[in-house]
Amino acid sequence: MSYRILIVDDSPVLRVMLSDMLQELGHQVVAEADSGAAALSAYPEHKPDLVCLDVSLPDISGLEVLPKLRRLDPRAKVLIVTGNDQKTLEAKVKSLGAIGVLHKPFDSLELGAMLAKVAPKAP
Amino acid sequence: MELNPKSRQLFTSLIEEGVSRSADALGKMSRTEWGVISSSTNEIPAVRLLSWFHRDKTPHVAAGFESDKDFPLEVVLLFSEKGAKAVTEAVTKPFSERLRRMDDLVRLTIGEVSNIVAHSVIGALADKFDRTVILSVPDVRVGPKAEVLEKSLERYDGRNDAILLSHVEMFSENLAAECSMVLVVNEAALAELFERAGVL
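Those sequence lines, one after another, are chains A and B. If you count the first sequence from 1, position 77 lands on 131 in the working numbering, and the numbers rise without skipping. If you count the second sequence from 1, position 95 lands on 491 in the working numbering, and the numbers rise without skipping.
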């Protein structure tokens, strides 16, 4: 299955890497956002199937963006993509409605496996 | 307020665990092995730390991170210019031309690599306190070691604040690149956290 995806990450390098991997896996990146505010404005415009959301952002953290996205669209599917591997984070973002957490660094095999794992669980 | 010897020992062991996670993360991103040459944690006034780093005048690419207010610490990663280029090349090689044509690719790549490594080094510490510590986005600077470190020490009183400094040196033989990592914590703030959390 192919998804239309919004990438939210402050790092242009990570955005290109993730975009390359997603396209290689057959998905379409419909937009990229470098901040929480840009993500919240891009979401209603593009209505993506999935949002890949970083936690550390320059304006508001991904932990604040996530519930705002879910208020915009209660069916929003958000995958957290972060270098933060702390144990408490996963429980916290799942309680906020994220469908999964992918830890950086990852390769396209790990990304593909994560998408396959979380997709059926998405609301 | 100072850390008691047991708390200090625990802090050091949590950082050591984080250092091992960091070397693994750096290796995975650059597709080659990184070894830890040295790792130490000492109490040191901020002014002495800067005078120590003043000896090295060669330019470095450094990425600095601050934590949120709940858990005050700074992490700085420093790469020599040559090392930063080697790491950038290794990390970006498998990706599209769009990435390699990017302006300021070395600074941007070092920022992203350092973000992942910095989160790895504090992971064990955050887990022990059952906290989620979110680091800022990277502040990438280029200059001699002391100069790029100075900004991360701005919130400390150079002579009066005792800081705990963890200094780690990592090296990749394949890339001929080294990476220094400096983690700075205000000792009094850390002692308070230990006491409040009842960790020991």
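Glycine included, every Cβ here is placed at the ideal spot set by N, Cα and C.
Whose Cβ in chain B lies nearer than 7 Å to the Cβ of L68/A? Per Cβ cutoff of 7 Å: E508.
Do you know offhand how far I61/A's Cα is from M577/B's? If I take the Cα positions, the gap works out to 29 Å.
Thinking C-alpha only, which one of S149/A, K171/A, P159/A and G80/A is nearest L422/B? Closest in alpha carbon position to L422/B, among S149/A, K171/A, P159/A and G80/A, is P159/A.
With DSSP as the reference, label T437/B as helix, strand or coil. T437/B: strand per DSSP, three-state reduction.
With H, G and I counted as helix, E and B as strand and the rest as coil, what does DSSP make of R125/A? When secondary structure is reduced to three states using DSSP, R125/A falls in the helix class.
My output table needs one value for P177/A: the three-state DSSP class, helix, strand or coil. Bear in mind that the predicted position of P177/A carries a pLDDT of just 49, short of 50, making it unreliable; the figure below should be weighed with that in mind. Here P177/A sits in coil by DSSP.
With burial defined as no fewer than 16 other Cβ atoms inside 10 Å of the residue's Cβ, what is the status of S65/A: buried or exposed? Buried, since its Cβ has 16 or more Cβ neighbours within 10 Å.
In chain order, what residues of the same chain lie with their CB nearer than 6 Å to the CB of E462/B, ignoring the 5 residues before and after it? Within the same chain, E470 and S532 come within 6 Å of E462/B by CB-CB distance, once the 5 residues on both sides are set aside.
Quick one: which chain A residues come within Cβ less than 7 Å of K424/B? Chain A residues near K424/B: P159.
Is H515/B close to chain A, meaning its C-beta is less than 7 Å from at least one C-beta of that chain? Closer than 7 Å to the CB of H515/B there is at least one CB belonging to chain A.
Which residue or residues does DSSP assign as beta-bridge partners of S568/B? Within the DSSP secondary-structure output, S568/B pairs in a beta bridge with A573/B.
Quick one: residues in its chain with C-beta nearer than 6 Å to the C-beta of P177/A, no 5 flanking neighbours on either side, listed in chain order? At P177/A, the pLDDT of 49 sits below 50, so the modelled position is not reliable; the number obtained from the coordinates is stated separately. The residues are R129.
For G154/A, which beta-bridge partners are listed by DSSP? Per DSSP, L133/A.
Determine whether the beta carbon atoms of E583/B and A558/B lie at a separation below 7 Å. Closer than 7 Å, so yes.
L111/A touches chain B at which residues, Cβ-Cβ below 9 Å? Listed along the chain, the chain B residues whose CB falls inside 9 Å of the CB of L111/A are V533.
Can you tell which of E543/B, A458/B and E477/B has its C-alpha closest to the C-alpha of E508/B? The shortest C-alpha separation from E508/B is found at A458/B.
Cβ-based burial, R592/B [other Cβ within 10 Å; buried from 16]: That one is exposed.
Show which residues of chain A have a CB atom less than 8 Å away from the CB atom of M498/B. For a Cβ distance threshold of 8 Å, residue set P66, V67 and V70 of chain A lies close to M498/B, ordered along the chain.
Between R364/B and L169/A, what straight-line distance do the alpha-carbon atoms span, to the nearest angstrom? The first residue shown for chain B is 397 and the last is 596, placing residue 364/B beyond what the model contains.
Give the interface partners of R592/B over in chain A, defined as CB-CB distance under 8 Å, in chain order. Chain-ordered listing is empty here: chain A has no CB closer than 8 Å to the CB of R592/B, the nearest sitting near 16 Å.
Using a Cβ cut-off of 9 Å, which residues of the region 118–141 of chain A contact any Cβ in chain B, in chain order? If the cut-off is 9 Å between Cβ atoms, the region 118–141 of chain A has T136, G137, N138, D139, Q140 and K141 near chain B.
If the cut-off is 7 Å on Cβ atoms, which residues from the region 518–532 of chain B count as contacting chain A, listed in chain order? Cβ contacts with chain A: G519, A522, D523, D526, R527, T528, V529, I530, L531 and S532.
Member of R551/B, A542/B, D420/B and S562/B whose CA lies at the smallest distance from the CA of E429/B: Nearest in C-alpha terms to E429/B, of all of R551/B, A542/B, D420/B and S562/B, is D420/B.
Please report the straight-line C-alpha distance between K489/B and R496/B, rounded to a whole angstrom. K489/B and R496/B: Cα-Cα distance of roughly 8 Å.
Determine the extent of the alpha helix (DSSP H) in which P540/B is found, giving its start and end residues. Per DSSP, P540/B is not a residue of any alpha helix (DSSP H); the beta strand (DSSP E) it occupies stretches across D535 to P540.
Cβ atoms of Q77/A and R58/A: under 7 Å apart, would you say? In this structure, R58/A lies away from Q77/A, with their beta-carbon atoms at least 7 Å apart.
Should S476/B be flagged as near chain A, meaning a C-beta pair shorter than 7 Å? False, the Cβ-Cβ gap to chain A never drops below 7 Å.
P177/A CB to nearest chain B CB: under 7 Å? Unreliable positioning characterises P177/A in this predicted model, as indicated by a pLDDT of 49, which lies under 50. The coordinate reading is nonetheless provided below. No, its Cβ sits nowhere closer than 7 Å to a Cβ of chain B.
Count the other CB atoms, across all protein chains shown, that sit within 10 Å of the CB of S510/B; report buried if there are 16 or more and exposed otherwise. If you draw a 10 Å sphere on the C-beta of S510/B, you find 16 or more other C-beta atoms in it, and that means buried.
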